[in-house]
Every structure is written in structure tokens, then in C-alpha cells.
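Throughout the sequence shown, residue numbering follows UniProt numbering, covering 1 to 106 in sequence.
Some notes on the structure that comes next.
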Amino acid sequence: MTKSTDIQLPSLPELEKSVQLFKAFGDQTRYKILFLLAEKSLPVNEIAEAIGISQSAISHQLKLLRQTGLVCGIRDGQKINYQLSDRHVFTIFEQVREHVREKNDD
1 MTKSTDIQLP SLPELEKSVQ LFKAFGDQTR YKILFLLAEK SLPVNEIAEA IGISQSAISH
61 QLKLLRQTGL VCGIRDGQKI NYQLSDRHVF TIFEQVREHV REKNDD
């Protein structure tokens, strides 16, 4: 049997990065952005239109999501299309959605 003292806690940098990821998911606007980007790559104006808030507010939220490594921007001429940064982010997002659906079925 493993004693609790045998468990290796995450390093401080890993802990801080993990908490930042959970914080990023913890905001409704950022969650909506991630929801949209889980479906397809979008520019700021289309994200703003879909969510119903200003482009500047969306840009601010995208900056936070970029800083945490959840989204990235790909330049397409004059505009930047945003997408989830990698498959891990999509998997995390889908796991959360699945968990919520299961809990709603109870």
C-alpha cells in the first residue's frame, strides 16, 4: 500500500502552469471561445459575432488563452485565424464536456 508521504507532488512550475490552465477554463467567455475553436478555426470578428461581445473583449480573452498555450493564431493575409493549439487542448475540452453531460444525466 502506498503511503501519502510516498506521493510526489508536482514541481512548483508545473503546479503554477496547471492552475493557470484551469483558470483559463474557468471563465465563461473563454470557455465559449474554446467551444467555438473546438469546432473550427475562426478570426476575432467571427468569434465576437458568435458570442455577442466586442472584438476588443475577444482579443483580450484570446491573449490570455494564447499565454496559457490553449490557442494559437495563424496569419491568413490581413487576418489571424485562431485555433486550439494542439490535440491535447481538444482532448481536455472534450473530456470536460463529456463529464458535464454525464453529471447532467444523473
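Note that CB positions come from ideal geometry on N, CA and C, so glycine has one too.
Is it buried or exposed, residue i, if we count other Cβ atoms within 10 angstroms and call 16 or more buried?
{"i": "ARG97", "result": "exposed"}
{"i": "ILE7", "result": "exposed"}
{"i": "LEU65", "result": "buried"}
{"i": "VAL19", "result": "exposed"}
How close, in whole Å, do the beta carbons of residue i and residue j come, if the pair is a contact with beta carbons under 8 Å?
{"i": "ASN81", "j": "GLY73", "result": "7 Å"}
{"i": "ALA38", "j": "PHE90", "result": "6 Å"}
Mapping DSSP to helix, strand and coil, what is residue i?
{"i": "ILE53", "result": "coil"}
{"i": "PRO10", "result": "coil"}
{"i": "ILE83", "result": "In the sequence under discussion, the amino acid at residue 83 is Gln, which differs from the Ile named in the question. Note: GLN83 maps to strand in three-state DSSP."}
{"i": "LEU42", "result": "strand"}
Determine the direct distance from the alpha carbon of residue j to that of residue i, and round the result to whole angstroms.
{"i": "ILE51", "j": "SER11", "result": "37 Å"}
{"i": "ASP76", "j": "VAL44", "result": "12 Å"}
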